[in-house]
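S.K.: Could you have a look at this structure, given as structure tokens, before my questions?
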Amino acid sequence: MGRKCGACGEEGHTARNCKTTEEERRLAKLPAPTKIHISLGDGRLCQSEEAAEWPPHWLNDDMAKTLPVCQECQELYKERFNRELELRPVDEV
Ligand SMILES: [Zn+2]
Ligand SMILES: [Zn+2]
46 MGRKCGACGE EGHTARNCKT TEEERRLAKL PAPTKIHISL GDGRLCQSEE
96 AAEWPPHWLN DDMAKTLPVC QECQELYKER FNRELELRPV DEV
């Protein structure tokens with residue numbers, strides 16, 4: 046015992062019988078997101094081509110709301126709707 050699974054890093058099983066799927070493994074290796082873009086149905090406001098996929102734990106709202114909103118998206122939002130974007134409070138944890 047004590048051996049870690051080569052696929053997911055957890056103890057108690059091996060990569061051979063690991064339940065982690067290929068897809069999950071791929072997603073887990075994605076770089077952490079650095080900011081949130083604003084999407085309005087027709088894509089991101091800033092047209093960023095940045096990868097849209099996030100590692101699974103970043104999809105958790107508590108994690109996601111620690112990220113800053115893309116500055117460019119905020120500016121464009123203001124231009125388009127003539128009002129400030131209402132940001133979710135980040136510091137009430
Ligand atoms: Zn595993
Ligand atoms: Zn953006």
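Quick note on numbering: our numbering labels position 23 of the sequence shown as 68, and the sequence is numbered without any gaps. We treat Cβ as the ideally placed atom computed from N, Cα and C, and that holds for glycine.
(1) Are there 16 or more other CB atoms within 10 angstroms of the CB of residue 104, so buried, or fewer, so exposed?
(2) To the nearest whole angstrom, what separates the beta carbons of residue 82 and residue 93, a pair I think is in contact under 8 Å?
(3) So residue 60 packs on residue 51, CB below 8 Å; how close in whole Å?
(4) Taking 7 Å as the cut-off, does the CB of residue 73 come closer than this to any heavy atom belonging to ligand 1?
(5) Mind checking whether the beta-carbon of residue 82 lies closer than 7 Å to any heavy atom of ligand 2?
(6) Go ahead and label residue 75 buried or exposed: buried means 16 or more other beta carbons lie within 10 angstroms of its beta carbon, across all protein chains shown.
(7) Does residue 98 come out as helix, strand or coil in the three-state DSSP assignment?
(8) For residue 131, which residues of its own chain have a beta-carbon under 6 Å away from its beta-carbon, when the five flanking residues on both sides are left out?
M.R.: On the basis of the supplied data:
(1) exposed
(2) 6 Å
(3) 4 Å
(4) In terms of side-chain proximity, the C-beta atom of residue 73 is found no nearer than 7 Å to any non-hydrogen atom of ligand 1.
(5) yes
(6) By the 10 Å Cβ count, residue 75 comes out exposed.
(7) coil
(8) none
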